[in-house]
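Below: one structure, written as structure tokens.
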Amino acid sequence: MKLLILAAGYATRLYPLTLNQPKPLLPVAGKPMIEHVLDNLAPIGGLDRVYVVTNAKFVRHFQQWADHYRATKARLDFTIVNDGSTDDTNKRGAIGDIHFVLQHERVDDDLIVVAGDNLFSEPLDDFGRLCREQRAPVLGVHDVRDLELVKKYNSINVAPDGRITFFEEKPKTPTSTLTGIALYFYPRATLPQIHQYIADGNNPDQPGRLVQWLYPRTPVLTWRVPGLWFDIGSKESLEEANRIFARR
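Residues in the sequence shown are numbered consecutively from 40, following our numbering.
As structure tokens, then:
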């Protein structure tokens, strides 16, 4: 099984913090946020390679971090992938980056995809267990308990068996506070559909759009993320994560 960490954004809303430092390498409670992500995914086990897709501006930052992490903390095999973009004007988008890594690295295996700025308070080993048991695409979901907040993300309806029955990216009038987050499992058999999504000229940004396109074509299951979840998109959310994780 492979792990792909999305880290090719420029995080302009966090300037000047991210002017010369990629957002996933900003410290949260004393260590880069990407290490919090890895700490919670490592219990899944069986991850034989970690891909970190980034951009031309920050590729050296991530390579230096990966070399240090592998040498001092966990002997994971990292591949840092440069998507070739230089700023927001020529970025590939999250789905475009997934597709780029699949092609560039010739990935032909089960794949977990996670955003490098999504923080979890609990290990994700049960997520990995569900993925192995079901052999179907799986989306991590979280109840944000706020309809206004859901407008920033997506709105989902789920059947009793956990299957997605409705998905709308950036809804104007959401009816549910359950939202999909940037935690995905794509079994090997699903990878050709990612290629098809891009080949058909669909929007390559916002990774939830791929789920929105996929669920009418093949069953997509959900897994409720336990504990706390932070999407670090502003200085306020970064400060809140620092406060909470420092106490844990």
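Think of the CB as a built atom: it goes at the ideal place given N, C-alpha and C, for glycine as much as any other residue.
Leaving out five residues before and five after Asp-127 in sequence, what residues of the same chain have Cβ atoms less than 7 Å from its Cβ? Tyr-49, Thr-51
Sequence-distant residues of the same chain with beta carbon closer than 8 Å to Pro-210, five excluded per side: Val-189, Lys-190, Asn-193, Ser-194
Would you tell me roughly how many angstroms separate the C-alpha atoms of Asp-149 and Phe-224, rounded to the nearest one? 8 Å
Cross-strand partners of Gly-179 (DSSP beta bridge): Trp-262
Apart from the five residues on each side of it in sequence, which residues of its chain come closer than 8 Å, Cβ to Cβ, to Pro-82? Pro-162, Leu-163, Asp-164, Gly-167
From which residue to which residue does the alpha helix (DSSP H) around Glu-74 run? 72-80
May I ask you to report which of helix, strand or coil DSSP gives Ile-271? coil
What whole-angstrom Cβ distance do Gly-179 and Val-264 have, given they're in contact under 8 Å? 5 Å
To the nearest angstrom, how far is it from the Cα of Thr-288 to the Cα of His-138? Beyond the ends of the chain as shown, which are 40 and 287, falls residue 288; an answer cannot be given.
Just mark Gln-235 as buried or exposed, buried being the case when its beta carbon has 16 or more other beta carbons within 10 Å. exposed
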